[in-house]
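*Asks:* Letter 493 of the sequence shown, counting from 1, is numbered 493 in full-length UniProt numbering, and no numbers are missing.
Every residue, glycine too, gets a C-beta built ideally from N, C-alpha and C.
Okay, here's the structure, questions in a sec.
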Amino acid sequence: MAKTHNLGFPRIGAKRELKFALEAYWKRESSRDELKELGAVLRKRHWEDQAGLDLVPVGDFSFYDQVLDMSFALGNLPERVQGFQGDQLDNYFRVARGRSAQSTENHAQCCDGVAAGEMTKWFDTNYHYIVPEFNAKTTFNLDATQLLAQLDEAKSQGVKAKPVIIGPLTYLAIGKAKDDSNKLALLERLLPVYGELLDNLASQGVEWVQIDEPVLVTELDAEWQHAFNTAYHQLKSTKVNLLVATYFGQLQENAYLAANLPVAGLHLDALNDRDGVLPLLNILPSHKILSLGVINGRNIWKTDLNAVLDWLEPLHARLGDRLWIAPSCSLLHVPVDLDSEQRLDNEIKSWMAFAKQKLGEIVVLATALNRGRAAVKVELDVNRRAIETRRNSPRVTNPAVRAALTGITPELGCRKNPYDVRAAKQAPLLNLPKFPTTTIGSFPQTAEIRQVRSQFKSGKIDQVEYRQAIQGEIARCVREQESLNLDVFVHGEAERNDMVEYFGEQLEGYAFSQFGWVQSYGSRCVKPPILFGDIRRPKVMTVDWISYAQSLTDKPVKGMLTGPVTILNWSFVRDDQPRSVSCKQLALAIREEVLDLEKAGVRVIQIDEAALREGLPLRKSQWKEYLDWAVESFRITANGVSDETQIHTHMCYSEFNDIISAIADMDADVITIETSRSDMELLDVFDDFKYPNEIGPGVYDIHSPNIPSEEHIVALMKKAAERIPVERLWVNPDCGLKTRQWKEVIPALTNMVAAAKRLRAELHLSRNDHV
């Protein structure tokens with residue numbers, strides 16, 4: 001009998017209940033007990049949603065991030081938060097976001113800000129995790145309180161629990177040694193704590209533990225491969241069965257290593273590594289469980305169940321009880337429940353499956369394997385019709401768009417002249433000082449703004465009233481920027497719900513869900529648009545708003561666009577053609593908007609590519625193919641403008657050092673990047689690589705409520721100036737400001753502008769001294 005299980009479930013709730021509870025707690029609008037109670041309610045509901053499975057994950061719920069949970073369980077806390085005397089949950093939020101709730105009873109413990117933990121992308125997803133911090137003296141001490149409490153909850157509710165933890169090698173691999181020490185040297189101290197954790201779980205009657213080691217799908221050198229053998233041979237004495245879970249990629253040269261680890265089972269992402277399954281079977285010990293991830297845990301399309309069964313049935317005949325069926329990875333990356341959707345087009349909706357529906361697909365597959373296809377004939381017939389309808393729908397293909405793709409030439413992606421020539425032409429038009437200041441695009445999205453957008457969508461206000469309201473907010477943003485004395489303005493993006501969804505709503509080939517939310521980090525959720533067909537821009541999208549903002553000031557106002565690679569990577573993308581084809585369709589559409597902005601007199605245009613790096617394959621050997629079409633897509637979008645138009649791009653919260661040459665190939669005049677949480681460490685790459693154009697290293701961590709001081713910003717910029725000529729440095733936050741409040745933004749930007757002025761003054765003095 002094939003078994004069914006799940007690797008993880010979305011934790012935010014079908015209606016984002018966790019998001020709202022967290023934000024209420026941080027604002028002191030609810031108590032700690034109320035937050036914890038909401039967590040218990042969500043866990044119970046989600047376990048009930050998974051009741052049809054043979055094993056259900058426990059420990060996948062988190063109040064912020066599962067990696068941060070693991071750091072607390074291992075007692076690995078940054079030195080700056082050690083010795084905290086308050087509630088552990090408050091200390092947890094201090095690491096996550098710099099501070100917790102502002103408690104009037106214990107102001108000193110809860111209000112004093114600390115530097116938030118560095119945040120980066122979880123492998124090649126849009127989920128952000130809090131980076132574990134290490135140094136040569138790091139020690140570990142088990143605190144399994146939270147996991148054991150959740151396990152007790154699950155057992156009391158009759159849940160067939162399978163605790164989920166992050167494996168020791170992946171935990172070390174995704175962390176950062178703050179003193180450049182060897183992370184693997186910590187393995188000897190770390191493994192006894194893992195052993196103690198597993199023993200605790202065994203004492204609670206746990207039979208199986210899922211131990212996530214996605215780093216096994218990356219290129220591991222001999223030292224890391226040896227460390228895997230060392231670690232799991234030391235842990236093999238545990239009395240629980242270990243299921244090592246890999247996902248997001250292919251095992252390839254690590255297949256023999258993974259197959260022969262002394263564990264009871266191995267999970268393989270059969271969506272990404274189907275070709276590796278049969279070779280793996282030939283080396284997998286005959287006693288070992290093989291879990292196959294056959295349902296896509298990262299996209300929302302229905303699985304072709306009949307085709308999957310054609311492939312699975314011979315494997316089941318060979319493996320029998322040793323075959324487990326699961327999604328490819330945790331369902332954290334998809335929305336909760338398609339049945340709650342009321343606005344989706346019925347035909348397109350029939351092509352989809354969210355988390356709950358994906359679990360239903362798992363059960364259908366297992367039933368067909370265990371009892372024969374006749375037992376689920378109705379379900380298989382419905383699935384077949386949906387697959388065929390989507391495949392044959394005329395809504396998916398646009399001949400005009402296909403024809404435009406054939407007209408792409410190398411010249412389409414080239415500026416007329418190199419950066420030095422362009423910069424000389426732009427300088428007198430923009431008339432910017434040294435260390436020019438700007439923001440990344442958005443200003444706070446207040447409750448009033450959200451209400452206006454909601455009223456307009458529901459028909460409670462008309463186009464005229466909506467336009468007046470948004471223009472009023474744009475005018476406010478311009479006034480604030482005038483008062484702050486910023487150098488390059490933005491219009492604030494009051495009209496935009498999301499940087500990807502906003503554009504998707506105006507492009508043909510996209511559909512939109514009502515409750516299709518997924519967690520990006522903490523309480524931040526995104527609702528990815530659904531790219532189902534060929535992409536076309538039927539009309540201008542941003543020109544009117546930008547032009548209105550520019551009419552209110554003599555300062556240059558940036559046109560704000562999201563780039564094709566980011567729109568692609570932050571959408572649920574069609575799976576019936578190569579991603580590169582969809583990306584180039586998007587590039588042609590956004591290029592039209594760039595050219596229309598230039599025609600309207602906009603001289604600075606920012607094309608955000610925040611997600612460029614996260615689309616990288618996990619193996620470096622596969623990077624070149626991706627970067628070739630990704631960079632080409634950006635260049636097609638950006639490079640049709642004249643030399644006098646300054647092109648910006650933005651990237652946030654990702655390690656970009658190893659792709660810096662590809663970023664330079666994008667040939668943007670200015671790039672802004674996140675560096676504040678890493679204390680400018682991301683700029684180390686410029687010690688060896690001479691970036692040819694201008695760069696704005698983010699100095700204001702907008703994902704924390706902490707307000708940076710003028711001195712802190714000056715210090716960060718001086719670090720940047722050690723690597724990059726001051727003539728090419730900009731001063732800016734590390735991302736958009738939509739998630740912050742005006743009462744935080746104004747003082748932070750005031751300090752940022754003051755820091756820039758101080759830097760200019762010091763530069764002027766140093767030059768005079770030199771003279």
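Taking only the alpha-carbon atoms, compute the straight-line gap between T649 and S340 and give it to the nearest angstrom.
*Replies:* Distance between the alpha carbons of T649 and S340 is about 37 Å.
*Asks:* Excluding five sequence neighbours on each side, which residues of the same chain lie with their C-beta closer than 7 Å to the C-beta of Y256?
*Replies:* I283, listed in sequence order.
*Asks:* In terms of residue numbering, what span does the alpha helix (DSSP H) encompassing Q606 cover?
*Replies:* Where Q606 is concerned, there is no enclosing alpha helix (DSSP H), although the beta strand (DSSP E) it sits in stretches over 604-608.
*Asks:* Cutting at 6 Å between CB atoms, please list the residues of its own chain near R298, excluding the five before and the five after it.
*Replies:* Hits under 6 Å: H333.
*Asks:* Please go through the same chain and pick out, in chain order, the residues whose beta-carbon is closer than 7 Å to the beta-carbon of K524, but skip the five residues on each side of it.
*Replies:* According to the sequence shown, residue 524 is Arg rather than Lys. Excluding residues within five positions, the ones whose Cβ falls inside 7 Å are T739.
*Asks:* For a test of the three-state rule: what should DSSP assign to L235, helix, strand or coil?
*Replies:* Correct three-state label for L235: helix.
*Asks:* For N241, does the three-state DSSP call read helix, strand or coil?
*Replies:* Three-state DSSP puts N241 in a strand.
*Asks:* Determine the DSSP secondary structure at E694, reduced to helix, strand or coil.
*Replies:* Of the three classes helix, strand and coil, the one that applies to E694 here is strand, per DSSP.
*Asks:* Can you pull the DSSP bridge partners for Q519?
*Replies:* Looking at the DSSP assignment, Q519 forms a beta bridge with C525.
*Asks:* Grab me the residues of Q225's own chain with a C-beta within less than 8 Å of its C-beta, minus the 5 sequence neighbours each way, in chain order.
*Replies:* If we look at Q225 and ignore the five residues flanking it on each side, its Cβ neighbours are N254, L257.
*Asks:* What residue range is occupied by the uninterrupted alpha helix (DSSP H) comprising Y194?
*Replies:* Run containing Y194: 187-203, per the alpha helix (DSSP H) assignment.
*Asks:* Quick check on the burial criterion: 16 or more other C-beta atoms within 10 angstroms. Buried or exposed for V421?
*Replies:* So V421 counts as exposed.
*Asks:* Return the Cβ separation of M752 and V699 in integer angstroms, given the expectation that the two are a contact with Cβ distance under 8 Å.
*Replies:* Between V699 and M752 the Cβ distance is about 6 Å, and since that is below 8 Å, they are a contact.
*Asks:* Out of curiosity, what's the CA-to-CA distance linking L18 and L338?
*Replies:* So the two alpha carbons sit approximately 19 Å from each other.
*Asks:* Apart from the five residues just before and just after T104, which ones in its own chain have a Cβ nearer than 7 Å to its Cβ?
*Replies:* Unreliable positioning characterises T104 in this predicted model, as indicated by a pLDDT of 40, which lies under 50. The coordinate reading is nonetheless provided below. Around T104: no qualifying Cβ.
*Asks:* For L486, which residues from the same chain have a beta carbon less than 8 Å from its beta carbon, with the 5 sequence-adjacent residues on both sides left out?
*Replies:* Answer for L486: T437, T438, T439, K555, L749, V753, listed in chain order.
*Asks:* For A108, which residues in the same chain have their Cβ closer than 8 Å to its Cβ, ignoring the five residues on either side in sequence?
*Replies:* Bear in mind that a pLDDT of 42 at A108, under 50, signals an unreliable position, so the model cannot answer this.
*Asks:* Give me whichever residues DSSP pairs with S340 in a beta bridge.
*Replies:* Bridge partners of S340: none, in fact.
*Asks:* Would you grab the beta carbon distance between S291 and H5 for me? Rounded to a whole angstrom, and I think it's under 8 Å.
*Replies:* The pair is a contact, with the Cβ atoms about 7 Å apart (cut-off 8 Å).
*Asks:* Straight-line CA distance for K527 to R450?
*Replies:* Answer to the nearest angstrom: the Cα atoms are 15 Å apart.
*Asks:* Please work out which residues of its chain come closer than 6 Å, Cβ to Cβ, to D304, disregarding the five sequence neighbours upstream and downstream, and give them in chain order.
*Replies:* So the qualifying residues of the chain are I387.
*Asks:* Hey, could you find the ends of the alpha helix (DSSP H) Q357 is sitting in?
*Replies:* Taken as a continuous stretch (DSSP letters only), the alpha helix (DSSP H) holding Q357 covers 355-371.
*Asks:* Could you say which of V685, K719, I647 lies nearest to Q426 if we only look at CA atoms?
*Replies:* Residue I647 is the option with its Cα nearest to Q426.
*Asks:* Distance, Cα to Cα, A136 vs P692?
*Replies:* Roughly 36 Å between the two C-alpha positions.
*Asks:* Just the C-alpha distance for P428 and I165, rounded to the nearest angstrom, thanks.
*Replies:* Roughly 57 Å separates the two Cα atoms.
*Asks:* Could you give the distance in angstroms between the alpha-carbon of I671 and the alpha-carbon of I605?
*Replies:* Taking the straight line from one Cα to the other gives about 12 Å.
*Asks:* Decide yes or no for the touch test of the stretch 120-129 against the stretch 731-746: beta carbon pairs closer than 8 Å, at least 3 of them.
*Replies:* No, they do not touch.
*Asks:* Output the boundary residues of the beta strand (DSSP E) element that contains W311.
*Replies:* That residue, W311, is in no beta strand (DSSP E); its alpha helix (DSSP H) goes 305-319.
*Asks:* How far does the beta strand (DSSP E) with D212 in it extend, from its first residue to its last?
*Replies:* Element bounds for D212: 208-212.
*Asks:* Below 8 Å on the Cβ atoms is my contact criterion, and I expect A154 with A161 to pass it. Report the Cβ-Cβ distance as a whole number of Å.
*Replies:* Yes, they are in contact, since the Cβ atoms of A154 and A161 sit about 4 Å apart, within 8 Å.
*Asks:* Identify every residue that forms a DSSP beta bridge with D269.
*Replies:* Bridge partners of D269: G293.
*Asks:* Could you check the C-alpha separation between V336 and K356 for me, to the nearest Å?
*Replies:* For V336 and K356, the distance between alpha carbons rounds to 6 Å.
*Asks:* According to DSSP, S489 sits in a beta bridge with which residue or residues?
*Replies:* Here residue 489 turns out to be Phe, not Ser, going by the sequence shown. For F489, which the question treats as bridged, DSSP gives the partners V557.
*Asks:* State the Cα-Cα distance for the pair N76 and T170, rounded to the nearest angstrom.
*Replies:* Each residue's Cα considered, the two are about 15 Å apart.
*Asks:* Does the distance from the C-beta atom of V244 to that of G175 stay below 8 Å?
*Replies:* Not a contact, by the Cβ cut-off of 8 Å.
*Asks:* For residue 778, count neighbouring C-beta atoms within 10 Å of its own C-beta (all shown protein chains included) and say buried if the count is 16 or more, exposed if not.
*Replies:* Past the edges of the chain, shown from 1 to 771, lies residue 778, and the structure says nothing about it.
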